[in-house]
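Enquirer:
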Ligand SMILES: [Zn+2]
């Protein structure tokens, strides 16, 4: 059967982590938690006031605003709940308090994406948008932040990536501010950086429950948040393990898999600033089922940790 050393490795290379995300894991994406004190790299964080934006009480409030005079992009949360803002802007230079935000190529254009958690009744002046405010090519996704419920961690003794090619860097784990904080279904997901085509492995015995590998594109534009590829395994413990962003599947629905079996090849399909494996485990197959905290061996993965891969003994 299988031998495994399942523990985070102590390597000298400890990457910088901010808000639960490895700092260099998402070129072109800038994230900020405006729920914590201080404005971070934003220009300002203020209590929301209708009059600041030419609105009167009772007016419909837009999610965001670019001032036509000074080009300041503001995120407006007039609600009583914290909200998550993902905003993508093509082909513009965006300047925040610490300088120009990075961009990266996406669908042949230059794209910058923002991920900002905004507390209730708050407006965040995020950055200055260069050029004509009326012609900005902007897309956004704004949702209420659903706080995760307390769930018991599930423990698995097989890591989802092989020893060959490792060790593997966990780039984002529970609550990471890049893309794991807004929905209970993804809150406890874990990301591991890996080149496209890396085998992904069943973390326990089970049956292939769903295969969706129809998509091919990936990038940092917010539209990528709504399409991805995934293979889901119904594990024999009754839980569902969903492997996301993968390039191809090695299985079909109904196939029986043993722990350590290859179920597909990793990729960069969907919201992927870089190729990686995103894994989440749920108690049911329902679309909005909350993810549960994951343990491999005796450790919960955290961003910035290196993990040894799964080594099957002969
Ligand atoms: Zn992820």
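Numbering (UniProt numbering), first residue to last: 1 to 314.
Ideal placement from N, C-alpha and C gives every residue a C-beta, glycine not left out.
Note that the coordinates shown come from a computational prediction; the quantities given were computed from them, not determined experimentally.
(1) Residue 296 by DSSP, collapsed to three states: which one?
(2) What three-state label does DSSP hand residue 2 in the structure shown?
(3) Taking all protein chains shown into account, do 16 or more other C-beta atoms lie within 10 angstroms of the C-beta of residue 13, making it buried, or fewer, making it exposed?
(4) For residue 164, count the other beta carbons within 10 Å of its own beta carbon; 16 or more makes it buried, fewer makes it exposed. Which is it?
(5) Report the rounded CA-to-CA distance for residue 169 versus residue 91, giving the unit in angstroms.
(6) Could you please go through the chain and list the residues whose beta-carbon is closer than 5 Å to any non-hydrogen atom of ligand 1?
(7) Hey, how far is the Cα of residue 316 from the Cα of residue 47?
(8) Measuring alpha carbon to alpha carbon, tell me which residue in 242, 287, 29 and 17 is nearest residue 266.
(9) Per DSSP, which one or two residues make a beta bridge with residue 113?
(10) So for residue 177, helix, strand or coil by DSSP?
(11) Start and end of the beta strand (DSSP E) containing residue 265?
(12) Using the DSSP secondary-structure output, state which residues sit across from residue 77 in a beta bridge.
(13) Just the Cα atoms here: how many angstroms apart are residue 67 and residue 81?
(14) Hey, residue 192 and residue 277: beta-carbon distance below 7 Å or not?
(15) Among residues of its own chain, excluding the 5 on either side of residue 275, which ones have a beta-carbon nearer than 7 Å to its beta-carbon?
(16) Using only CA atoms, which one of 15, 22, 221 and 309 lies nearest to residue 167?
(17) Where do the ends of the beta strand (DSSP E) carrying residue 212 lie?
(18) Following the continuous beta strand (DSSP E) through residue 242, name the residue where it begins and the one where it ends.
(19) I need the boundaries of the beta strand (DSSP E) containing residue 68, first residue and last residue.
(20) Find out if the Cβ-Cβ distance for the pair residue 303, residue 20 is shorter than 7 Å.
(21) Among 45, 85 and 103, which residue has its Cα nearest to the Cα of residue 93?
(22) Expressed to the nearest angstrom, what Euclidean distance is found between the alpha-carbon atoms of residue 306 and residue 300?
(23) Around the Cβ of residue 290, are there at least 16 other Cβ atoms within 10 angstroms (buried) or fewer (exposed)?
(24) Going by the CB atoms, is the gap between residue 25 and residue 232 shorter than 7 Å?
(25) Could you name the residues of the same chain whose beta carbon sits closer than 6 Å to that of residue 251, not counting the 5 residues immediately before and after it, in chain order?
Expert: Quick answer:
(1) In the structure shown, residue 296 adopts extended strand secondary structure according to DSSP, grouped into three states.
(2) Its pLDDT being 42, under 50, residue 2 is placed unreliably by the model, and nothing is read from it.
(3) When all chains shown are included, residue 13 counts as exposed.
(4) Counting of Cβ neighbours within 10 angstroms places residue 164 among the exposed residues, the total staying below 16.
(5) Between the C-alpha atoms of residue 169 and residue 91 there is a straight-line separation of about 31 Å.
(6) Residues lining ligand 1 by the Cβ criterion, that is a Cβ closer than 5 Å to any of its heavy atoms, are 189, 191 and 278 in chain order.
(7) Since the first residue of the chain shown is 1 and the last is 314, residue 316 is not available in this structure.
(8) Nearest C-alpha to residue 266: 242.
(9) Its beta-bridge partners are 29 and 88.
(10) Per DSSP, reduced to three states, the secondary structure at residue 177 is coil, with no helix or strand assignment.
(11) Looking at the DSSP string, the run of the beta strand (DSSP E) that includes residue 265 is 262-265.
(12) Answer by DSSP bridge pairing, in chain order: 122.
(13) For the pair residue 67 and residue 81, the Cα-to-Cα distance works out to about 25 Å.
(14) With respect to the 7 Å criterion, residue 192 and residue 277 are classified as neighbours on the basis of their beta carbons.
(15) A distance below 7 Å between beta-carbons, with the five flanking residues on each side excluded, links residue 275 to the following residues of its chain, in chain order: 194, 195, 196, 266, 267 and 268.
(16) Comparing Cα-Cα distances from residue 167 to each of 15, 22, 221 and 309, the minimum goes to 309.
(17) That run of the beta strand (DSSP E) goes 206-212.
(18) Counting along the chain, the beta strand (DSSP E) containing residue 242 begins and ends at 240-244.
(19) Here residue 68 belongs to no beta strand (DSSP E), and DSSP marks it neither H nor E.
(20) The answer is yes: Cβ separation under 7 Å.
(21) Nearest of 45, 85 and 103 to residue 93, Cα basis: 103.
(22) Rounded to whole angstroms, residue 306 to residue 300 spans 12 Å at the Cα level.
(23) Buried: at least 16 other Cβ atoms inside 10 Å.
(24) With contacts defined by Cβ atoms closer than 7 Å, residue 232 and residue 25 do not form a contacting pair.
(25) Excluding residues up to 5 positions away in sequence, 208 and 263 lie with their Cβ nearer than 6 Å to the Cβ of residue 251 in the same chain.
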